[in-house]
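In terms of the working numbering, the sequence shown opens at residue 15 and continues consecutively. Glycine included, every Cβ here is placed at the ideal spot set by N, Cα and C. A short worksheet on the structure shown next.
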Amino acid sequence: MKKSVTILALVVALMALFVMPAAAQEDSSMDTITVTGTGSAAGAPDIATLELGVEIRNADIATAFSETNTTIDGVITALVEAGVAREDIRTTGLNIYRDMYGAPMMNGTEMATAENGVYVVSNNIRITIRDTANVANAINAAVSSGATNIYGLNFGIDDRATLETQARADAVADARARAEELAALAGAELGDITIITEYSGNFSPFDVSNMYNARLESGGASIEPGQLSVTVQVQVTFRINR
């Protein structure tokens with residue numbers, strides 16, 4: 015009989031070991047509050063990208079191809095002389111097609127028709143300008159040297175670390191303010207942070223919502239970089255004391 019009582023006591027003790035942590039965990043989850051906080055910080059862009067190109071139309075494909083290559087080489091040389099590093103210049107497209115219904119060709123030649131047509135050759139490059147004060151100068155140099163196409167000018171922030179740190183602090187402060195308000199509404203006091211998670215989000219160095227187009231005025235490009243913002247979002251779990 016004594017042996018049976020001992021075995022029963024051991025079983026009860028083992029059950030308590032399993033039940034107590036689960037109960038503690040349940041109580042812990044019931045005494046927490048989880049909120050999401052958002053923070054942002056703005057700064058002046060320190061980098062810009064630009065796509066531009068040369069397009070030549072000619073009835074002779076070899077002539078069109080040669081003129082395009084010669085012109086784009088001149089554009090690249092002008093950009094380098096304007097302060098754009100050669101390693102920051104990259105070809106993004108080389109296209110050749112025949113336009114059977116083109117507009118009047120250059121040099122006073124007859125209008126293209128379905129019978130003769132013209133060849134259209136284009137060569138496009140993408141450049142990175144690491145000094146935003148040099149953007150207008152680079153655009154003017156490209157246009158003056160023969161660039162015929164300019165695409166969206168995109169400003170960005172190359173080194174986002176400082177702005178991210180500021181935005182992160184604001185996000186945590188925002189989360190704490192929200193949690194304090196909710197805790198007060200629940201008749202509780204806010205305790206320590208138990209879990210904090212940062213959402214990765216999009217950390218591209220360029221903000222696609224800030225696109226600018228070059229405006230050629232009085233022979234020069236008028237550029238306004240403005241400011242860009244970095245946003246950080248965190249999810250924070252706090253203990254609450256009832």
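If Leu167 sits next to Leu64, beta carbons under 8 Å apart, how far is it from one beta carbon to the other, in whole angstroms? The residue given as residue 167 occupies position 153 in the sequence shown. The residue given as residue 64 occupies position 50 in the sequence shown. Confirmed, about 5 Å.
Integer Cβ distance of Gly67 from Asn151, believed to fall under 8 Å: The count along the sequence shown starts at 1 and reaches residue 67 at position 53. The count along the sequence shown starts at 1 and reaches residue 151 at position 137. Contact doesn't hold; Cβ gap of about 19 Å is too wide.
Cβ-based burial, Thr82 [other Cβ within 10 Å; buried from 16]: Here residue 82 refers to the residue found at position 68 of the sequence shown. So Thr82 ends up on the buried side.
Using the three-state DSSP reduction, which class does Gly51 fall into: helix, strand or coil? For this step, residue 51 is matched to residue 37 along the sequence shown. It is a strand residue.
For a quick check, are the C-beta atoms of Thr52 and Val244 less than 9 Å apart? Counted from its first residue, the sequence shown places residue 52 at position 38. Counted from its first residue, the sequence shown places residue 244 at position 230. No, the Cβ-Cβ distance between Thr52 and Val244 is not below 9 Å.
Assuming Ala202 contacts Ile254 under a Cβ cut-off of 8 Å, what Cβ separation, rounded to an integer in Å, is found between them? In the sequence shown, residue 202 corresponds to position 188, counting from 1. In the sequence shown, residue 254 corresponds to position 240, counting from 1. With a Cβ gap of about 4 Å, Ala202 and Ile254 count as contacting.
Tell me whether Ala185 is buried or exposed, calling it buried when 16 or more other Cβ atoms sit within 10 Å of its Cβ. Position 171 of the sequence shown, counted from the start, is the residue given in the question as residue 185. Looking at its Cβ environment, which holds 16 or more other Cβ atoms inside 10 Å, Ala185 is buried.
Presumed contact (8 Å Cβ cut-off) between Ile61 and Arg174, rounded CB distance: Position 47 of the sequence shown, counted from the first residue, corresponds to residue 61. Position 160 of the sequence shown, counted from the first residue, corresponds to residue 174. In fact, because the Cβ distance is near 11 Å, the residues do not count as touching under 8 Å.
Please report how far the alpha carbon of Asp206 lies from the alpha carbon of Val248, in whole angstroms. To locate residue 206, count along the sequence shown from 1; it is residue 192. To locate residue 248, count along the sequence shown from 1; it is residue 234. Their Cα atoms are separated by approximately 16 Å.
Please list, in chain order, all residues of the same chain as Asp188 whose beta carbon is under 8 Å from its beta carbon, the five residues on each side excluded. Walking along the sequence shown from the start, residue 188 turns up at place 174. Counting only Cβ-Cβ distances below 8 Å, and skipping sequence neighbours, we find Gly51, Thr52 and Gly53.
Output the boundary residues of the alpha helix (DSSP H) element that contains Val13. One cannot answer for residue 13 here, as it falls past the ends of the chain, which runs 15 to 256.
Suppose contacts are defined by Cβ-Cβ distances below 9 Å. Is Pro239 in contact with Ala58 by that definition? Sequence index remark: in the sequence shown, residue 239 carries index 225 (1-based). Sequence index remark: in the sequence shown, residue 58 carries index 44 (1-based). Yes. Within cutoff.
Do you know how far the Cα of Leu204 is from the Cα of Val94? Numbered from 1 along the sequence shown, position 80 holds the residue referred to as residue 94. Numbered from 1 along the sequence shown, position 190 holds the residue referred to as residue 204. Straight-line Cα distance between these residues: approximately 59 Å.
Extract the residue ranges of the beta strand (DSSP E) inside the segment 135-178, only unbroken runs of 3 or more that lie entirely within it. DSSP runs (the beta strand (DSSP E)) wholly in the segment 135-178: 167-170.
Determine the burial state of Ile213: buried for a count of at least 16 other Cβ atoms within 10 Å of its Cβ, exposed for fewer. Within the sequence shown, residue 213 is the residue found at index 199, counting from 1. It should be pointed out that residue 213 corresponds to Tyr in this sequence rather than to Ile. Per the 10 Å Cβ criterion, exposed.
Residues near Ala73 in its chain [Cβ-Cβ closer than 6 Å; skip 5 each side]: Position 59 of the sequence shown, counting from 1, holds the residue named residue 73. The answer, listed in chain order, is Val132.
Find the nearest neighbour of Thr176 within the set Asn137, Ala56, Ser159 and Ile47, judged by alpha-carbon distance. Residue mapping note: residue 176 aligns to position 162 of the sequence shown, counting from 1. The option with the nearest alpha carbon to Thr176 is Ala56.
Taking just the CA atoms, how far does Ala191 sit from Ile209? Working through the sequence shown from its first residue, we reach residue 209 at position 195. Working through the sequence shown from its first residue, we reach residue 191 at position 177. Taking the straight line from one Cα to the other gives about 16 Å.
In terms of DSSP beta bridges, what is Tyr133 paired with? Taking the sequence shown and counting its residues from 1, the one referred to as residue 133 is at position 119. Paired residues: Asn72 and Arg112.
Report all residues from its chain with a CB closer than 6 Å to the CB of Ala200; omit the five preceding and five following residues, and keep chain order. Within the sequence shown, the letter at position 186 stands for residue 200. Same-chain partners within the cutoff: there are none.
Can you name the residues that DSSP bridges to Val250? As a position in the sequence shown, residue 250 is number 236, starting the count at 1. DSSP lists Val49 and Ile210 as partners of Val250.
Return no unless some Cβ of chain B is closer than 9 Å to the Cβ of Ile139. Of the protein chains in this structure there is only one, and it is not chain B.
Is it buried or exposed, Gly170, if we count other Cβ atoms within 10 angstroms and call 16 or more buried? The residue you call residue 170 lines up with position 156 of the sequence shown. Classification of Gly170: buried, given that the 10 Å Cβ count is 16 or more.
With DSSP as the reference, label Ala58 as helix, strand or coil. In the sequence shown, counting from the first residue as 1, residue 58 sits at position 44. Secondary structure of Ala58 (DSSP, three-state): coil.
Given a cut-off of 9 Å, decide if Thr106 and Ile70 are closer than it, judged by their beta-carbon atoms. Here residue 70 is taken as the residue at index 56 of the sequence shown, counted from 1. Here residue 106 is taken as the residue at index 92 of the sequence shown, counted from 1. Against a cut-off of 9 Å, the Cβ pair of Thr106 and Ile70 comes out as no contact.
If you count every other CB in all the chains shown that lies within 10 Å of the CB of Ala161, and 16 or more means buried, which is it? Within the sequence shown, residue 161 is the residue found at index 147, counting from 1. Ala161 should be labelled buried.
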